[in-house]
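This note's numbering numbers the first residue of the sequence shown as 2 and each following residue consecutively. All C-beta atoms, glycine included, are put in the ideal place defined by N, C-alpha and C.
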Amino acid sequence: MNLILPKWTKNYYPDKLIPLTLYDFQLNVYNDFLKRLKGGPFLKKIITDMLAKKNNTLKPEVRKMFMYIGHDSTIVTLMDVMHVWNNQMPNYNIMIMIELHENNDEWNVQIFLRNTTEYEPYPLTIPGCTTICPLEKFIQILNPMIPDNWNEECKVNGEYKPPPAPLP
């Protein structure tokens with residue numbers, strides 16, 4: 002379409018809007034409770050599929066990959082649930098790869114981020130693990146982020162705590 006932004010927008014876009022955009026991403030996951038509700042179900046699916054692959058119960062058995070497409074906010078939420086988001090601005094082409102590897106009956110997980118097409122994906126490390134994280138350790142570290150009963154946990158309980166205001 003080759004549209005040009007009006008000159009008045011240069012005072013605001015993009016520089017002054019970036020902190021507000023990052024704050025918007027933070028609001029989705031500003032505490033563990035929200036992380037569990039927003040990203041926990043997807044993380045649970047990923048872990049369930051990994052365990053099914055390990056236990057030879059994945060259908061179809063020959064499946065080697067799951068691929069999901071989402072918005073930048075979806076990827077930021079998943080990254081924050083796994084404690085690997087460093088409050089960086091996601092580009093429109095952001096991609097996270099969560100890989101399950103088996104080597105000599107040892108199962109491990111590796112996570113890679115590509116936030117731009119200019120650079121190759123780089124590895125991410127979950128706090129408390131190594132870049133090549135044993136599957137059981139991966140599950141142990143991230144299990145607190147998976148809701149036990151999403152419907153019950155999602156109910157309003159009257160304990161609202163407002164998020165901190167963004168820094169100027």
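Environment of residue i [buried if 16+ CB atoms lie within 10 Å]
i, result
"V157", "exposed"
"W9", "exposed"
"L44", "buried"
"L125", "buried"
"G159", "exposed"
"D106", "exposed"
"F67", "exposed"
"V63", "exposed"
"L28", "exposed"
"L143", "buried"
"K17", "exposed"
"M80", "buried"
"D65", "The sequence given here has Lys at residue 65, not Asp. The residue in question, K65, is exposed, as its Cβ has fewer than 16 Cβ neighbours within 10 Å."
Alpha-carbon to alpha-carbon, residue j and residue i
i, j, result
"T132", "F113", "9 angstroms"
"D1", "I95", "As shown, the chain starts at 2 and ends at 169. That puts residue 1 outside it, with no answer to give."
"I19", "M90", "8 angstroms"
"S74", "P163", "20 angstroms"
"N88", "R115", "15 angstroms"
"V77", "W86", "7 angstroms"
"Y161", "P61", "44 angstroms"
"P165", "L136", "35 angstroms"
"E103", "V30", "32 angstroms"
"G1", "P167", "With the chain covering only 2 through 169, there is no way to say anything about residue 1."
"K12", "L23", "Sequence check: residue 12 is Asn here, not Lys. Using only the alpha carbons, I get a separation of about 18 angstroms."
"Y123", "L21", "26 angstroms"
"C134", "N32", "24 angstroms"
"P42", "T49", "10 angstroms"
"I127", "M146", "13 angstroms"
"M2", "Y93", "18 angstroms"
Same chain, Cβ closer than 7 angstroms to residue i, five either side skipped, listed in chain order
i, result
"Y69", "none"
"N56", "none"
"I99", "I47, V110 and I112"
"K54", "L101"
Residues near residue i in its chain [Cβ-Cβ closer than 8 angstroms; skip 5 each side]
i, result
"Y14", "L6"
"L38", "P148, W151, E154 and C155"
6 angstroms CB neighbourhood of residue i in its chain, flanking five on each side removed
i, result
"F139", "V110"
"M51", "L101"
Check whether the segment 103-121 touches the segment 145-164, taking contact to mean three or more Cβ pairs, one atom from each stretch, closer than 8 angstroms. In short, these stretches do not touch, since the Cβ pair count stays below three.
Within the segment 45-104, note down every full beta strand (DSSP E) run reaching 3 residues or more, in order along the chain. If we require 3 residues or more, the beta strand (DSSP E) runs fully inside the segment 45-104 come out as 96-104.
4-residue-minimum alpha helix (DSSP H) runs that sit fully inside the segment 102-164, ordered along the chain: The segment 102-164 contains these whole alpha helix (DSSP H) runs: 136-143 and 151-154.
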